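Okay, structure first, notes after.
There are 2 protein chains.
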Amino acid sequence: MRRVVYGVGISLDGYIARPDGSVDFLFMPKDYPMGAFMQTIDTAILGRKTYEVSLSMGGSFGKEIKSYVLSRTMPAGERSGATIVNDSPAQLVGKVREGAGKNIWLMGGGDVARQFLEEDLVDELYLGVVPVLIGSGIPAFPAGFPERKFELVENKSFSRGLISLRYARTREGGGER
Amino acid sequence: MRRVVYGVGISLDGYIARPDGSVDFLFMPKDYPMGAFMQTIDTAILGRKTYEVSLSMGGSFGKEIKSYVLSRTMPAGERSGATIVNDSPAQLVGKVREGAGKNIWLMGGGDVARQFLEEDLVDELYLGVVPVLIGSGIPAFPAGFPERKFELVENKSFSRGLISLRYARTREGGGER
Numbered sequence: 001m002r003r004v005v006y007g008v009g010i011s012l013d014g015y016i017a018r019p020d021g022s023v024d025f026l027f028m029p030k031d032y033p034m035g036a037f038m039q040t041i042d043t044a045i046l047g048r049k050t051y052e053v054s055l056s057m058g059g060s061f062g063k064e065i066k067s068y069v070l071s072r073t074m075p076a077g078e079r080s081g082a083t084i085v086n087d088s089p090a091q092l093v094g095k096v097r098e099g100a101g102k103n104i105w106l107m108g109g110g111d112v113a114r115q116f117l118e119e120d121l122v123d124e125l126y127l128g129v130v131p132v133l134i135g136s137g138i139p140a141f142p143a144g145f146p147e148r149k150f151e152l153v154e155n156k157s158f159s160r161g162l163i164s165l166r167y168a169r170t171r172e173g174g175g176e177r
Numbered sequence: 001m002r003r004v005v006y007g008v009g010i011s012l013d014g015y016i017a018r019p020d021g022s023v024d025f026l027f028m029p030k031d032y033p034m035g036a037f038m039q040t041i042d043t044a045i046l047g048r049k050t051y052e053v054s055l056s057m058g059g060s061f062g063k064e065i066k067s068y069v070l071s072r073t074m075p076a077g078e079r080s081g082a083t084i085v086n087d088s089p090a091q092l093v094g095k096v097r098e099g100a101g102k103n104i105w106l107m108g109g110g111d112v113a114r115q116f117l118e119e120d121l122v123d124e125l126y127l128g129v130v131p132v133l134i135g136s137g138i139p140a141f142p143a144g145f146p147e148r149k150f151e152l153v154e155n156k157s158f159s160r161g162l163i164s165l166r167y168a169r170t171r172e173g174g175g176e177r
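Chains A and B are the protein sequences, given in the same order.
Our numbering applies: residue 1 is where the first sequence begins, and numbers increase by one.
Our numbering applies: residue 1 is where the second sequence begins, and numbers increase by one.
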């Protein structure tokens with residue numbers, strides 16, 4: 001089964017971005033193997049806000065990774081290399097899983113993350129934690145979803161104090177989704 | 001200089017307790033060296049809410065560690081093994097540091113932690129992170145303080161997926177407080 005991996009860089013107080021969306025506090029040290037993670041995924045899902053912030057920061061959406069943007073307001077269709085969809089998270093994940101492929105990267109967007117956690121669609125967490133408290137911002141795990149248990153899969157320290165954590169969702173009784 | 005160590009157990013989404021104050025989701029595995037930490041401190045500071053929750057859960061405040069409870073409303077004085085003070089965090093830390101001794105454990109209380117971070121009184125973080133998202137609760141780092149940079153001192157994994165993180169505050173230009 002293709003797994004949904006919620007992968008984000010966060011401050012030590014759990015923010016993916018400052019209140020204005022900027023992510024200047026995040027960094028990726030040279031010894032951090034982002035490439036190894038990228039090889040495990042071929043699809044990305046993000047929220048409309050994260051999509052717009054990415055574009056405004058000069059980001060682009062290429063062909064190596066198929067990117068879906070969840071939006072209730074934007075018209076569905078191709079735009080700037082991404083595919084805008086008006087589906088619910090569960091609908092979209094279901095459709096993506098109809099095809100064979102690698103894992104699915106949930107790239108963030110606080111609201112989208114909460115929806116995915118509420119619908120219990122997150123199979124793994126992949127967190128890069130930078131050693132700074134920023135004091136306010138957009139939370140990686142916005143309040144308002146039921147308890148979700150995980151098991152620690154990996155915990156590594158990298159240069160400049162970045163730690164990388166991998167967790168897998170443990171669903172009692174239910175087994176694999 | 002006696003250092004202020006903010007030491008708490010937290011969920012993966014950064015809560016020290018559920019909304020009602022309960023901490024049933026926290027655990028301390030047998031291989032976790034809490035005793036080693038306890039040997040480095042001789043003083044504890046906590047907020048009034050944490051104090052009351054501790055007492056209601058059958059906790060007690062003994063003589064090995066001198067415990068101060070910050071409160072604006074309770075009368076100052078000795079009570080249940082702890083010392084209630086009406087000082088500001090900076091006043092209390094200043095008074096404690098007039099005497100020689102070991103480090104000072106800031107035991108939590110979301111509001112108290114925010115005050116300490118706002119006044120830049122936290123010298124170290126000592127976090128035990130349990131592998132569960134609880135979805136709502138009392139945050140370890142409530143929003144509303146300026147950015148505070150740290151360096152990673154220690155990152156260890158323990159059984160049942162607990163990770164233990166130690167960070168030291170890095171104050172540019174200012175050196176030791």
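Glycine is no exception: its CB is placed at the ideal position from the N, C-alpha and C atoms.
Only a predicted model underlies this, so the values are computations on that prediction, with no experimental measurement involved.
- By the C-beta criterion, the region 52-70 of chain B is judged to be in contact with the region 82-96 of chain B, since at least 3 inter-stretch pairs fall below 8 Å.
- Secondary structure at Glu98/B: helix, using DSSP grouped into helix, strand and coil.
- Taken in chain order, the members of the region 105-128 of chain A whose beta-carbon sits within less than 7 Å of a beta-carbon on chain B are Leu117.
- C-alpha of Ile10/B to C-alpha of Arg166/B: approximately 13 Å in a straight line.
- Taking a contact to require three or more Cβ pairs closer than 8 Å, the region 36-50 of chain A and the region 85-104 of chain A qualify as touching.
- Per the DSSP secondary-structure output, Gly108/B pairs with nothing in a beta bridge.
- The beta carbon of Val8/A sits no closer than 8 Å to any beta carbon of chain B.
- The beta-bridge partner set that DSSP reports for Arg79/B consists of Ala82/B.
- Considered as a whole, the region 104-176 of chain B harbours 124-130, 148-157, 163-169 as its complete beta strand (DSSP E) runs of no fewer than 3 residues, in chain order.
- The region 89-96 of chain B makes contact with the region 108-124 of chain B, as at least three CB pairs between them are under 8 Å.
- Around the beta-carbon of Asp13/A, 16 or more other beta-carbon atoms lie within 10 Å, marking it buried.
- The beta carbons of Val8/B and Ile16/B sit closer together than 8 Å.
- Measuring C-alpha to C-alpha distances from Tyr6/B to each of Phe25/A, Val96/A, Leu133/A, Leu106/A identifies Leu133/A as the nearest.
- Chain-order list of chain B residues neighbouring Ser22/A: empty, with the shortest C-beta distance near 12 Å, by a criterion of under 7 Å.
- Straight across, the Cα-Cα distance linking Phe27/B with Phe116/A is about 26 Å.
- Taking C-beta separations shorter than 8 Å and ignoring five residues to either side along the sequence, the partners of Leu55/B in its chain run Ser80, following chain order.
- Counted as a single uninterrupted DSSP element, the beta strand (DSSP E) harbouring Tyr6/B occupies residues 4-11.
- By the 16-neighbour rule on beta-carbons within 10 angstroms, Ala113/B is buried.
- The beta-carbon of Asn103/A is placed no less than 8 Å from the nearest beta-carbon of chain B.
- For Ser54/B, the enclosing alpha helix (DSSP H) begins and ends at 48-56.
- Taking the C-beta atoms as reference points, Gly161/A is found no nearer than 8 Å to Glu147/B.
- Listed along chain A, the residues sitting closer than 8 Å to Glu151/B by beta-carbon distance are Pro131, Gly161.
- Contacts with chain B at 8 Å (Cβ-Cβ) include Ile134/A.
- With fewer than 16 other beta carbons inside 10 angstroms of its own, Met34/B counts as exposed.
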